[in-house]
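Going by the numbering used here, the sequence shown opens with residue 1, and the numbers climb by one from there.
C-beta atoms are modelled at their ideal positions from N, C-alpha and C, and glycine is treated no differently.
In what follows, a single structure is set out as structure tokens and then discussed.
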Amino acid sequence: MLSHFCAATPALFILWIIMAQVAGQEDREKTTALKDLLSRIDLDELMKKDEPPFTFPKTLEEFEYAFNEYGQLRHIKTGETFVFNAREDLHRWNQKRYEALGEIITQYVYELLEKKCNMTKEILPVDATEDEPTGFIYLSPDALSNPSKLLVLIQGSGVVRAGQWARRLIINQDLNSGTQIPFIERAMQEGYGVMVLNPNENYLEVEKPTKSPLPSPTETSDEPAEKRERKDDKEGKKKKEFYEKYRNPQRETETERILIRENGSSEEHVLYVWDHFVSKAAAKNVFIMAHSYGGLSFVELMNQRELEVKNKVCAVALTDSAHNIWLQETTKSTQDWMQEHCRNWVSSPEPLDIPLEPMMPDCPRVSAGTERHELTSWMSFDSIFRFFSEFHAKEGEEAEETSNSVTTRSGSHKNKHQDL
1 MLSHFCAATP ALFILWIIMA QVAGQEDREK TTALKDLLSR IDLDELMKKD EPPFTFPKTL
61 EEFEYAFNEY GQLRHIKTGE TFVFNAREDL HRWNQKRYEA LGEIITQYVY ELLEKKCNMT
121 KEILPVDATE DEPTGFIYLS PDALSNPSKL LVLIQGSGVV RAGQWARRLI INQDLNSGTQ
181 IPFIERAMQE GYGVMVLNPN ENYLEVEKPT KSPLPSPTET SDEPAEKRER KDDKEGKKKK
241 EFYEKYRNPQ RETETERILI RENGSSEEHV LYVWDHFVSK AAAKNVFIMA HSYGGLSFVE
301 LMNQRELEVK NKVCAVALTD SAHNIWLQET TKSTQDWMQE HCRNWVSSPE PLDIPLEPMM
361 PDCPRVSAGT ERHELTSWMS FDSIFRFFSE FHAKEGEEAE ETSNSVTTRS GSHKNKHQDL
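This is how it looks when you write it as structure tokens:
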């Protein structure tokens, strides 16, 4: 009996190994299938399953919000500030709702520029055809004809459009801090012509044309149809069912961007506006204010049009500028000019206008009196206009001295001629 068991033991052992291998193979196949399945599931997709449709109001009134007498956005019925999380655990839907409100705000600011500030829209490119995408800037009535002063406003990057510094401030704080309206009104009161640039209006977004689905490899295979169907059912049925269960039922439309000619980036836009508008303006003294990425675009303009900028621009106010003279490879002469004609109000815990340590040999840095990047322009409002006024007065004194010098020389020559 024992001998029979001993003889059977190797066979049982081999059978056990085979069974273990088969089980292991099945486990590996299941693990591989599970990994493949999980790779097809996006966690974001799971969150989208129960999202409401992306259909939002088209006006402030439909959103039930309005700006009060202080320029603050408030709910019409409750008087409360804007609530981002209108629906808990639906971040993407809340974000889309916020963006929809932001688009309404953009149109609202355009209306303020046109009706409150009496500015007109100028289409770009200036020679645009009917079938190409276009952008625009805003000009005050005397932007090109004012013989004395011109103020050019350039905002940072992102979703903000002409007339805005920060959408977040407009929605959560007020119009004064978030828009360029106070700067435009103050400039007009002080006799400036004004140009409002639009450096983020770079493209037209259109829906992508739907492509015809390509035949799958199984469709072009020589395998019999019956065999293919059985194979597909066996390998893909469970995966498809599981994925379909969590598939996002709310697909976003796929779009593509068509760039606006010669205005496809902030840098291109600033250069184009300089060539076609600023350089042709009558003003003897041009003043530029640029926030964040707008500062980088201005430095790039200097790289491209250094002599023209030096001849025409009187002073430049930057707020938390994103420029970098090393990465942008500015010349030593540009850096020297910036030292004399530019000032950068940066986010800092120090009080307003306190000088700060220089980080690069370009323009002096002073505190904007706030640590919030988006607030630096508004907090520096009075300081910037004071800075411009000082430069304009200095330019006037230099011009007068030059004029007196010429007059004196002329009179001296005349007296000598009479003596002779």
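- For M379, the three-state secondary structure derived from DSSP is helix.
- With a beta-carbon spacing of about 5 Å, G178 and A166 fall inside the 8 Å limit used to define contacts.
- In the displayed model, G102 falls within a helix according to three-state DSSP.
- Burial is judged here by how many other beta carbons sit within 10 angstroms of a residue's own beta carbon; Y70 has fewer than 16 and is exposed.
- Apart from sequence neighbours up to five positions away, no residue of its chain approaches Q107 with a beta-carbon distance below 6 Å.
- For K310, the enclosing alpha helix (DSSP H) stretches over residues E306 to K312.
- In the three-state reduction of the DSSP assignment, S367 falls in the strand class.
- Taking a C-beta distance under 8 Å as the contact criterion, F82 and I181 do not qualify as a contact pair.
- The three-state reading of DSSP puts W274 in helix, counting H, G and I together.
- Selection S333, R92 and L151 evaluated against A281 yields L151 as nearest (Cα-Cα).
- In this structure, F287 lies away from N198, with their beta-carbon atoms at least 8 Å apart.
- Straight through space, the alpha carbons of D142 and V194 are spaced by roughly 8 Å.
- G295 is the residue among G295, H91 and V273 whose C-alpha sits nearest the C-alpha of T319.
- Per the coordinates, the alpha-carbon of E130 lies some 44 Å from the alpha-carbon of R386.
- By the neighbour-count criterion, in which a residue is buried when 16 or more other Cβ atoms sit within 10 angstroms of its Cβ, F391 is buried.
- In the three-state DSSP reduction, G294 falls in the helix class (H, G or I).
- Residue state for A393 is assigned as helix, using DSSP reduced to three classes.
- Membership of M188 in the alpha helix (DSSP H) is indicated by the continuous run I181 to Q189.
- Each of L113, K312 and S377 was checked against the Cα of S148, and the nearest Cα belongs to K312.
- Listed in chain order, the non-local C-beta contacts of S347 below 7 Å within the same chain comprise D320, A368, T370, E371, R372, H373 and T376, local neighbours out to five positions each way being set aside.
- Across the set E132, Q164, E306 and K115, the C-alpha of Q164 shows the shortest separation from the C-alpha of H291.
- Following the DSSP letters along the chain, one finds H75 inside the beta strand (DSSP E) bounded by residues L73 to H75.
- A contact is defined here as three or more CB-CB pairs under 8 Å, and the region 297 to 307 meets this definition with respect to the region 271 to 278.
- Residue state for Q328 is assigned as coil, using DSSP reduced to three classes.
- In the structure shown, R372 adopts coil according to DSSP, grouped into three states.
- Around the beta-carbon of F388, 16 or more other beta-carbon atoms lie within 10 Å, marking it buried.
- By the neighbour-count definition (other C-beta atoms within 10 Å, threshold 16), V270 is a buried residue.
- S380 counts as buried, since at least 16 other C-beta atoms from the protein chains shown sit within 10 angstroms of its C-beta.
- Beyond the five residues adjoining it in sequence on each side, D353 comes within less than 7 Å, by CB distance, of V366, S367 and S383 in the same chain, given in chain order.
- Counting along the chain, the unbroken beta strand (DSSP E) around E256 starts and ends at T255 to L259.
- Taking a 10 Å sphere around the C-beta of T334, we find 16 or more other C-beta atoms and assign the residue as buried.
- The three-state secondary structure of Y70, taken from DSSP, is coil.
- A check of alpha carbon separations from I104 across A393, T59 and Q189 identifies T59 as the nearest.
- Here E357 is exposed: its Cβ has fewer than 16 other Cβ atoms, across all protein chains shown, within 10 Å.
- For L352, there is no enclosing alpha helix (DSSP H), as DSSP marks it with neither H nor E.
- The criterion of a C-beta distance shorter than 8 Å is satisfied by E205 and R257.
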